[in-house]
Structure formats: structure tokens, C-alpha cells
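What follows is a short report on a single structure.
2 protein chains.
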Amino acid sequence: MSSQKKYLIKFIPGNKTIKVSSNYNLRQAILDCGLEIDSSCGGVGTCGRCKVQVKEGKVNTKKSKFISTKEKEDGFVLSCQSKVESDLVVFIPKKKKAKVRIEEGRLVEKPSKNYAGISRNELSPVEIKPWILKETIKVEKPSISYSTSCLYRVKKTIRDSLKIKDCIIPIHIIRKLPGILREKEWQVTVTIDKKNNTLIDIQAGGVDKKCYGLALDIGTTTLVMYLVDLDNGEIINSISEYNPQIKFGEDIISRIVYSNKEAGMKKLREVIIDSINNLIWNLLLKSNIDAVSIVSMMVSGNSTMMHLFYGVPPKYIREEPYVAVANRFPNSTAEEVGIKHIKNAIIYCIQGVASYLGGDITSGVLATDIARQSELTLFLDLGTNGELVVGNREWMMGCSCSAGPAFEGGGVNCGIRAIDGAIERVLIDQKTYRCDFEIIGGGKPRGICGSGLIDIIGEMYMKGIIDRKGKLNQDIGNKYLKCADKDCRYVLVKAEDSATGKDIYISEIDIDNLIRAKAAIYAGVKTLLEEVDLSIYDLDRIYIAGGLGRYLNIKNTVAIGMLPDIEINKYYFLGNTSITGAYLSLLSEDKYRQSLKIADEITYIELSVNMKFMDRYVAGLFLPYTDMKDFPTVEELMYSLDSGFKKNKKKG
Amino acid sequence: MSSQKKYLIKFIPGNKTIKVSSNYNLRQAILDCGLEIDSSCGGVGTCGRCKVQVKEGKVNTKKSKFISTKEKEDGFVLSCQSKVESDLVVFIPKKKKAKVRIEEGRLVEKPSKNYAGISRNELSPVEIKPWILKETIKVEKPSISYSTSCLYRVKKTIRDSLKIKDCIIPIHIIRKLPGILREKEWQVTVTIDKKNNTLIDIQAGGVDKKCYGLALDIGTTTLVMYLVDLDNGEIINSISEYNPQIKFGEDIISRIVYSNKEAGMKKLREVIIDSINNLIWNLLLKSNIDAVSIVSMMVSGNSTMMHLFYGVPPKYIREEPYVAVANRFPNSTAEEVGIKHIKNAIIYCIQGVASYLGGDITSGVLATDIARQSELTLFLDLGTNGELVVGNREWMMGCSCSAGPAFEGGGVNCGIRAIDGAIERVLIDQKTYRCDFEIIGGGKPRGICGSGLIDIIGEMYMKGIIDRKGKLNQDIGNKYLKCADKDCRYVLVKAEDSATGKDIYISEIDIDNLIRAKAAIYAGVKTLLEEVDLSIYDLDRIYIAGGLGRYLNIKNTVAIGMLPDIEINKYYFLGNTSITGAYLSLLSEDKYRQSLKIADEITYIELSVNMKFMDRYVAGLFLPYTDMKDFPTVEELMYSLDSGFKKNKKKG
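Chain order of the listed sequences is A and B.
The first sequence begins at 1 in my numbering and counts up by one.
The second sequence begins at 1001 in my numbering and counts up by one.
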């Protein structure tokens, strides 16, 4: 060997060089150099991906159907099928990396009218870089003179061909090694989780290299799951369902209370895991994809949902000082968390910040890219709780204000979730006080969802139906009012016109609950900003995420004093950013790492003991706010309109 | 703080120094310095182990029952109860490390008369250094201003107090964290597997720090288990049982054959796991020890036994080129391998060298310390197979010679294992040819075990009852011969005197099988030595391990040509070294690491295709060997005795 001729190869771009013996395999030389070369057949010439261009020098190469006549003329060869025969200059084309953009990540949802989302210009494309590697390798066949164990030779091949050292091969894989290795002459396809440095599957021969993953958002109300092609980011299918835990309590607090009951924890966990297993099963059926190709699942959700998913008691989340058991749960096998069908998959979760600022918020901050931009952004997730993060690439602070479930329909007599039959937009006639509305899915209305409730309060206030305290004016000739004893209601839909056969109305008690909820959110925003000596006018934009309904009338949201009174074009309504963050983290190792950094870097402020928050909350129990100076455009608008507000103002 | 006075502390021995503020905790200063200090209460003054001697300077220390008046006068204090009040010189007494010697590791077995074992002088004491740490720690209680998750604060405390970074806390432990942390005011006792950097148990408060481990030898014939105190190496109890797989086949090959049958693998695994679970259960009952304090189990055994234990098909071990699936199985949880009762324990195994040179041999080499000594040693494990290792601290080579199960009673009509009723020693009267024997456990004999069979062949040969080919001499007036057709037997015990009611005899076919077995072993020894250009006279000693019986008459073993004819005092009969190696590896991280190194360093030679081995095997089908020059003392002895040999020689 030592007398054999050595040749110098230079690889461009990068100008890395290596000396190899005559007839050395060109692909191996590339790998020896530590360079990357695309390949999915493990170097046996059947995938055509390891194409390179020989710019100078001579190689002995086999014919290949992957090389066109034109390419051949230009010096393209399959590196795995080429032997070095002289000094070379070799051009390695850049590996084609699929790109994905957030919009494409949300293909399944049509952007709403208000959806500004993140434009193509704003957001840098995400490089797909999943940490799962699926490659076909050729393990050296044993012989009497080389009779090391199967395990050893598989590890050695993984080390030599894939450059992965000390890959962990768990016992359940070892159990099937001997058969699988011999099935196709010691050629196998390995699926390796690079993050955990673990072999998660081994199949005989050179099989389909497609890998899929699942992104899952466990919302208090809704579960959403994407089935994603990890090569190109395509969302093969998506599915969503109500969180079956709803029957044990609508909001987080009632779930935690239920979890403390006998067998409560067990039941809550059982139904959520069953439901997720069903979603997976249905996605597999719909997509005609083999369960073994699903290699990972990324889960996002608020802290309580994550505790219940992992089977960890959430009890102490609701007891001062509100401590979570964990903000990030360890990478687990599907079996460990009770997930069926996808037994090869590793389950990851998005890290949360605090008990009331969970992984869903981290996901949202990741999806909106706040942490990498210079603009000062307020991120607001309006679900059962109001969760806020304010900041930019320099710093981030977050808090949670227990808004209560009013805007998700809880504690409001005719409140329902944003489902078919929900009134989602409302307009009240200034003269007749009659109510016009839009209904999700059309047909007769069943109730009012979050965006509808905001519209109603806004409209009622602007049209003078309620006063600043939220009390119904009984002396303006509103014939839609129904008052009895101390109970007064404004009827939107009469019993005969509703799907339920009952009036759809809003009572003073409902209004009270809604005002308390909006007060909490605005108090949160003001307190959070003041902690960093900023005012609402310093904000460059406000992102609103969450499940209040598909549409949100920002003007009304501002009019009732829930959101700050700044230019309307600074508002962006994004919908479910938790699933988007999970989707991005699933696709890209960088994004997942970024999400962990985000969770670590957000400073959490506990509002439940913050006196300034309390003061502002009390100030927010008026419409839009005790001090009208905070809402100049609302005040201006009221006076400019020939509105009930003006009339009432005169009376008051 | 910055204006506070700083004091310099010097710790001896070692002279490490540190500057700390006035009133700084002395134990913390020791830890800050990176020094070790014994402690099991986590620094709350209740264990009395962190005693140090203040040689110079002043501390403010609390009274403690652990400090005697005399000690107080000498400056001894509990470091955790002492605050620094001046510059100090502090003496840290050396942590008392328990020592263990191999003999103590075999307390349960009385050394046999031939047992030379390893004398106290020869073997350096083993420092007990298990990799399981059990310590009580105080986790900081959460408050509104410090409300990080339970998981985070446990990890932080482990990092700060125990200097263990990034400890892995698995999901099943996380599930019980919230309750356990609050049970005793955030004081918990953690059990950490330092090798895997994993928290394996957490208990509320400061509980008993005792940790126990199990050493297990899975022999083809026998299972042996030790329950070991990991603090001092004491073997609390030991237990042994037949390998229940015997009913599916006596030797390795027949087990592998059975494993290929339908459900064969499942059955073999089930019975062994059941049996081990029973052993554990019985040990726990006998010892009155809580199962949760058992933190590790170290398993040793030949490759086939390990495959079956881990549920891995051993099929290819018996097919050329004889490849094992793995020589070392990954560290597993008890649950993963189906072990009950000790759910906190991590299961480790001793690494093997090759398919037919398993972890039992690595264990033996470890136990005998061959790999660290300059003397050239031959290690021989005489079980169902004959396995050999020769070498010293410079090099080691090993091989396996398929001796077959004859010496364990297989293929020999009246052969049995070394159980009660087995004839284990034999002496034949030169004149009458009557047989005298010793029986294990006394009483009537049931059969003949390995050492008995060796004695018989040796005696028969020396007394002229058989010739060099192993044929029975029918013309010497031996009235104990029974011949019919082609079948000729030498009867040791008549039917009426035996426990079985049948003759106990040895036939020519039996003798043939035994001669083939001994030929294989001697051929192995010679071939192995010749591979490294050595002769038997270069050997400094021969260690014999294995289960041929409790006693082995070396003289007869040499006389039949099974073992080399060198000075008898070079022979040491050790018994079960597999369990001893497992026991040592369980106790000491260093020893376990050493065992892995041994397995990596032994060069394996495959004899099944070695022509020299074949030649020597054929040469060994004579007693003692075709070429008598190999056995000079045997030849000399034969002539010096007034023996049948002489007579026959004359006749022949």
C-alpha cells in the first residue's frame, strides 16, 4: 500500500483538499474530508443524489441513469460510483435544502381578513433540518476472520459511513438485529435520532427514506395535529378535535381541581392520550402512510396541558407560589407517554417559561420571530388565560393575567366556543338597537363566541345601550331589553329564531364578567410595559394569537378597552401560533434550539401579587377605562359619532 | 457584601486554599474548593460525617453529639455546623473507604483443599467505589419571587450540592416529584447512577442511605446471586439454583437449537427471568431489606446465556462464522429486561469477548487479576465448554474448545452434575480393581460428577483397567467388568448399593466421550500457546475455574492428558470466578471499567477452523497423548508404580 500512488483532490467550493490512494472511492474521500454529500442509498449508486462535477482530472466512473448525456459532457459523475485516477478538482453542488415559510406552514387554515401574519418579506425562510437521519448502510458481512458481534459492526458502520460516534442502540432494536441484518445481505436502513444519538429503527435493505413527524398543539379547548413530511415540510394532512377533558372542566383551573379528585388525574390523562391516539390513527388512515415512518412528535401546550399529557400532577400550579413540576419534560419514547401506533417516534415538547406562561407561548414567540427582530413587539395569546410577552431581540418579558374563560364562552350565559352556529360578528343599529350578526357556518345561531362577545360589548357601549359601568340603560327605548327583578338582558335573537329554541341574550352579569376579563388583559399589558419603562406608544406592533374565534374586530377590542389604543395597522391577528411553533421546531433543529433559548430568556413577572396590576385592573372595570386619556381615539370617535354615547353623556 | 471581611482557608492535606466571607459555612467552602467531604445528611448536622479538624484559626461552631470532649479539645468540628471567623488551616480526614478482598467476596463458599485462590499477598485490595450515590439534599423552597419549576430546582440542587451536572430525571420520577418534595419540607434523598448520570430514585426526607446491589452469574447449569452491601462490600446473603432452562437442553448448543423452535425463545427467556425474579424475592425475604434500596444488578454469563437473558435470539452463535448479536448489552432498567421487585435498579452486564468467550470469562480474568500482573497465566474455565485465556499485563489471547458436556455429565450414562449423591472422588485398588469413592453429601451414590469422572479415567488408566485408547482390558481378571455384545462396562457401584437401584458404571462409549472432551481442552491449550510461540513450560501458573465439581484432582487431570504436565504447585483451582468478577464490578467503578478493557483486549482465536487444533485434538484421543514426551512425569510415574500399566505394557 505504501508504494501506491497518492493523488490530491481539491473540493470546491471551500477548497478542502485530501490525498488518497489510486482507485479510492470519490464519495468516501468527500466524507473523509468531513464534507457533506447528499445520498440516501448509502453509496450503492441507486439514489443518484451524490452527483458531483469533476472540473479537472480523471476518474473511473460507472454509467448511471442519473447522469444525462449533457451532464456527462460537463463532467458530472455519481461520486459513489467513481474511483480516483489522477489529481482532481471536484465541485460539490450545494445540497438542495427545502425551504418552508410560515404561511405554507399554515396551509390548512385560510388566513383571515385581519390576518397580517408574517409576510414573506418579513420572515427569513426556515431551513429544514430535522434531527432524524434515515440512511441505507452496508454493514460488513462477518467471516471467521472477522467475527465481531452484530452490534459492534452496526455501530462501526454508523460511525464510518454516517460519522455518528457512539450511537446508542437500545435493547429492543438489538433484539431484532440478527434477523434484519441477514434479510437483505447486511444492507439495512437506519433511522437515527441525532439529538439523542439513538438508533430508533432499523429496516432490512434500502427502503423508502421518507420520514414524517407530527406536530401537536394541546389547547385547553382544542387539539390540533399536523402530519408533516420532514424532507420538504409539506403538511400532508391535519386534523383537530375538541380537547376531551372539557367534560371535566372548561378551563385550566377546573381541570386542576378535577385532577385532585380520586382517579381524576388518571381520567384526565386517559382521555387526552386516547384522543391523541385517535388523531394519529385518523391521520394515518387519511394519508396512507406507514406508521413506522413517523419518527418524531413535537408537542406544544400550556403548562397544565403538558402536565396532564405527561401524567404529572398539576396540583401546585394553582397554589401559591404557583410552581410547575417542570417547564420542559424529557424527550420520551412513545411508549413512555402511552402513545400508540408510532412506536418508533421520540416525543419532544416545547419548553414553557412558567406555570402560567407555557410552551404554547414559547411556540408563539418562535413562530412570530419576535426574539430575532429589532422591532418592539407585544405578543398576546387570548385563550382561557391572557398571556403576554413583550420584547425584541434584546430582551423579553412575559406575564399571565387570569382573564378567566369569559371570552371562550365560560361564565357567559349564551357564550359558546367558535363552532358552527356561533355568532362571531355583531353590528347594532343605532336607531332601532336591533342586532345584525354573522354566524359561523351559517344557519340559525346557537350562541355567541369570543369575537362576537367583544363586538357586542363594543357595539352596546358605542350605541349607548350600556353605560361605562356596563349597566344596561333602561330609559332609551330599547325594545330588545328584558328586565325582571334585578336581572336585565339584551336579547340578540329571540327563541323562535335560535337553534336552541331559547333566547340568545347578554345579561348584566355576563357583561360584568366580560368587563372583568378585558380589564385583566389591559392591566396586564400596561403593567408589563411599565416594568420596562415603556408606554403603549413605544410598541411597533401587536400580535394576537389564540382561539377567540376566526375573526377579531380590533376596533371593538380597542373600544372596550381590552387592547391598547394605538394605530390599528400595528395589529396582527395570527390565530393558533402554538401549532405553528411546534411545526417549525419539528422541522428544524435550529428552530427547536431557538425555542429552548426563548423559554430560557423570557423574564416572567408574577402579576397575582403585583399591586400596580391590581390598581389597573380596578381602573379597567369601566368602559373603556377609568382614565379616558388612555383611549383618545375611542373618546374622539364617541363624540364624532351621532352615538348613544353622546346622548347618554348629556344625560349623565 | 463587598466591604465584608474575607478570610483565607487552607485545607490539608493538599494545601488547597480559598477566600471566603466572614461567617461562610465551612462545609460549603470545602465543596467550593472541589474537595470531597463525607456527608449523608446534606449538611444539616444530623449524620456527623463531615467532621474536620481546625488546626489554626477560629470558627463559630454548634455543639454536636458527634464531637466528643476529646475531639473538641483537638479542634474537631462538624464542618456543616461551623462558620468561618478568621483565617483557617483545616485538616480534612481521609474518607474511610471500605476495602474488600476476593476471599471475602467468596465468603459463602468454603475454599476447597485444592483451593489456592488468590492470597492476600498476591491481590491488591479492591477499593469500593460504586457509581451509585445516595445523598440527602435540601431543595430551596419556592416563593413568589423564586417560582421556577420543581424539576429545575431539583436539578440545580443536585448540581450545586453534589457537583453533578445535567442529571437526567426520567419522566416516572418527575411524576412523583411534587408530592415527595413537599412531604418533608423540600428535603429529599436522591439516588443517582453516576455512570448514566441519571436520578434513579427520590425519597422524602433524610432516609437510610444504605444501597445494595445484586451480582448475578447466569451459568448454563447454575444461577448464583449475591446480595451485596455497596458501602462495605459485605455479602449479606447469597443464593443459587439450577438454571431452569436445563429442561430444554443441557448445554449451550441444545438451548440454541430450542430457541429456534416456535415459541422456544419466549419459553427460554420466561423461565430464566422467572427464576431470577424468584432468587431476588427469596434474597429480599432472607435479608429483610427493602427492595427500593437495591440500586443495581451486575450480570455475568456466557454469550448464549446473556442473549437469552436480554431476549436476543442466539441463533447465529452456532452457525459459521459464529457471530454474537452483541458482546455487551446496553445498561437497562429492570423493567426493560423484565426484572421485578427492584424497579429502581439499573442492570449492567459484563462484556464478553466473542460468541464462545463470554462475559463469564471476562469476569474470571478480572477476578484473577491476570491482566495486571507480569506472570504468564493460563486461565481455564471448565464448564460445558472449555474456555481459555492466556496472557499477562502485556497481552492476552483467548479461545474456546468445544469440549462438549461430558464433564458436566452430558453424554455419559451415569454422569450427573455436582449435586448431593454425586461421586466426586475415586480411588481404585490396584489389586482388586475395587472402587473407593467420596460422595457429595454422603449417603448412597446417584451418579458421577465431573471431578469423579476425571478421577475414574485417571485411575483406570493408571491401574491398567483401560489401555491408552480407552478400551477396557478384558484379560486382567477385573471382576467389576460387565461385557455383553460390543458393550463393555466397569461397574463402580452395584444396583443394590446405589440410590437409583441401578448399577453405576462407566462404559467404553462414556470413556470415548470423556477422552474426546479432554482432547479438545488440551489441544486448545497447546494451540493457543503455540499461536504466541510459547510452550507449557513458560506458564507461571494455571487457574482453573468452572463447575466440574467442588474438588478437582489435578494429578489425575494431568494423568489423562487434559491439562499440561507442569509442576503441580502451579495449578490453582478457583471455582466460580464469574460471580466473583460480577461482584467486584458491582462494587467498584474501576473494576467494571477494567472488565470492559479486558474484554476489548483479549484477542480471540477461532479454533473450529484451525488445522493445528484439529491435529492436536486427534493426537489427544490417546491417554494421555499420542506423544508421551508431552507428559514426562506421567510416563515416569507409570513406570515407577507397580501398576497395571507396566504389566499391560509388557503384554502389549
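Here a beta-carbon is modelled for each residue, glycine too, at the ideal position from N, C-alpha and C.
Quantities reported herein were computed from a predicted structural model and do not represent experimental measurements.
Requested in this report: Output the residue ranges of the beta strand (DSSP E) runs that lie fully inside the stretch 143-220 of chain A and measure 3 residues or longer, sorted by chain position.
Outcome: 187-193, 198-204 and 212-218
Query raised in the report: Which two residues bound the contiguous beta strand (DSSP E) that contains residue 490 (chain A)?
Result: 487-493
Query - Neighbourhood of residue 1244 (chain B) by C-beta distance below 6 angstroms, restricted to the same chain and skipping five residues each side - result: 1271 and 1275
Query raised in the report: If you draw a straight line from the alpha carbon of residue 204 (chain A) to that of residue 182 (chain A), how long is it in whole angstroms?
Result: Spanning the two alpha carbons is a distance of roughly 8 angstroms.
Query raised in the report: In chain order, what residues of the stretch 312-336 of chain A put their CB closer than 9 angstroms to some CB of chain B?
Result: 312, 313, 314, 315, 316, 320, 321, 322, 323, 324, 325, 326, 327, 328, 329, 330, 332 and 336
Query - Contacting positions in the stretch 161-179 of chain A - beta carbon closer than 9 angstroms to chain B - result: Answer in chain order: 168, 169, 170, 171, 172, 174, 175, 176, 177, 178 and 179.
Report task. Could you check the C-alpha separation between residue 1390 (chain B) and residue 1603 (chain B) for me, to the nearest Å? Result -> 10 angstroms
Report task. Note down, one range per segment and in chain order, each alpha helix (DSSP H) of at least 4 residues found wholly within the stretch 1235-1268 of chain B. Result -> 1252-1259
Requested in this report: Would you tell me roughly how many angstroms separate the C-alpha atoms of residue 521 (chain A) and residue 268 (chain A), rounded to the nearest one?
Outcome: 29 angstroms
Report task. Output yes if chain A places a C-beta closer than 8 angstroms to the C-beta of residue 1354 (chain B); else output no. Result -> yes
Query raised in the report: Who are the neighbours of residue 1150 (chain B) on chain A, taking C-beta pairs under 9 angstroms?
Result: 316, 323, 324, 325 and 326
Query raised in the report: What residues in the stretch 597-618 of chain A bring their beta carbon closer than 9 angstroms to a beta carbon of chain B?
Result: Against chain B - using a Cβ distance shorter than 9 angstroms - the residues of the stretch 597-618 of chain A are 604, 606, 608 and 609.
Requested in this report: Report the rounded CA-to-CA distance for residue 1188 (chain B) versus residue 1202 (chain B), giving the unit in angstroms.
Outcome: 7 angstroms
Query raised in the report: Checking contacts by CB at 8 angstroms: is residue 1310 (chain B) closer than that to chain A?
Result: yes
Query raised in the report: Just the Cα atoms here: how many angstroms apart are residue 1488 (chain B) and residue 1560 (chain B)?
Result: Whole-angstrom Cα-Cα distance: 20 angstroms.
Query - Boundaries (first-last residue) of the beta strand (DSSP E) holding residue 299 (chain A) - result: That run of the beta strand (DSSP E) goes 294-301.
Report task. Verify the CB distance criterion: does residue 1448 (chain B) have a CB-CB separation below 8 angstroms to chain A? Result -> no
Requested in this report: Could you confirm whether any beta carbon from chain B is found closer than 8 angstroms to the beta carbon of residue 100 (chain A)?
Outcome: Model confidence at residue 100 (chain A) stands at a pLDDT of 39, short of 50, so the residue's coordinates are unreliable and nothing is read from them.
Requested in this report: Verify the CB distance criterion: does residue 147 (chain A) have a CB-CB separation below 8 angstroms to chain B?
Outcome: yes
Query raised in the report: Is the beta carbon of residue 1214 (chain B) sitting closer than 8 angstroms to the one on residue 1289 (chain B)?
Result: no
Query raised in the report: If we cut at 8 angstroms on Cβ distances, does residue 276 (chain A) have a partner in chain B?
Result: no
Query raised in the report: Relative to the alpha-carbon of residue 368 (chain A), which residue among A:544, A:170, A:207 and A:168 has its alpha-carbon at the smallest distance?
Result: A:544
Requested in this report: Identify the contact partners of residue 143 (chain A) in chain B, using a Cβ-Cβ distance below 7 angstroms as the criterion.
Outcome: 1321
Report task. Could you check the C-alpha separation between residue 139 (chain A) and residue 28 (chain A) for me, to the nearest Å? Result -> 15 angstroms
Query raised in the report: Starting from residue 1478 (chain B) and walking both ways along the beta strand (DSSP E), at which residues does that stretch end?
Result: Where residue 1478 (chain B) is concerned, there is no enclosing beta strand (DSSP E), given that its DSSP letter is neither H nor E.
Query raised in the report: Under a three-way DSSP split, which group does residue 450 (chain A) fall into?
Result: helix
**Report entry** Sheet register partners of residue 53 (chain A) (DSSP bridge)
**Finding:** Beta-bridge pairing links residue 53 (chain A) to A:76 and A:91.
Query raised in the report: Taking the Cβ atom as the reference point for each residue, do residue 448 (chain A) and residue 504 (chain A) lie within a distance shorter than 8 angstroms?
Result: yes
Query - Cα-Cα separation, residue 109 (chain A) to residue 20 (chain A) - result: Because residue 109 (chain A) sits at a pLDDT of 32, beneath the cut-off of 50, its placement in the model cannot be relied upon, and the point is left open.
Query raised in the report: Who are the Cβ neighbours of residue 1348 (chain B) in its own chain at under 6 angstroms, not counting the five residues just before and after it?
Result: 1298 and 1331
Query raised in the report: Taking one C-beta from the stretch 219-235 of chain A and one from the stretch 162-182 of chain A each time, how about it: are there three or more such pairs within less than 8 angstroms?
Result: In short, these stretches do not touch, since the Cβ pair count stays below three.
Requested in this report: Report the three-state DSSP secondary structure of residue 1559 (chain B) (helix, strand or coil).
Outcome: helix
Query raised in the report: Is the CB-CB distance between residue 312 (chain A) and residue 1149 (chain B) below 8 angstroms?
Result: no
Query raised in the report: Cα separation between residue 426 (chain A) and residue 345 (chain A)?
Result: 46 angstroms
Query - Opening and closing residue of the beta strand (DSSP E) in which residue 1438 (chain B) lies - result: 1435-1439
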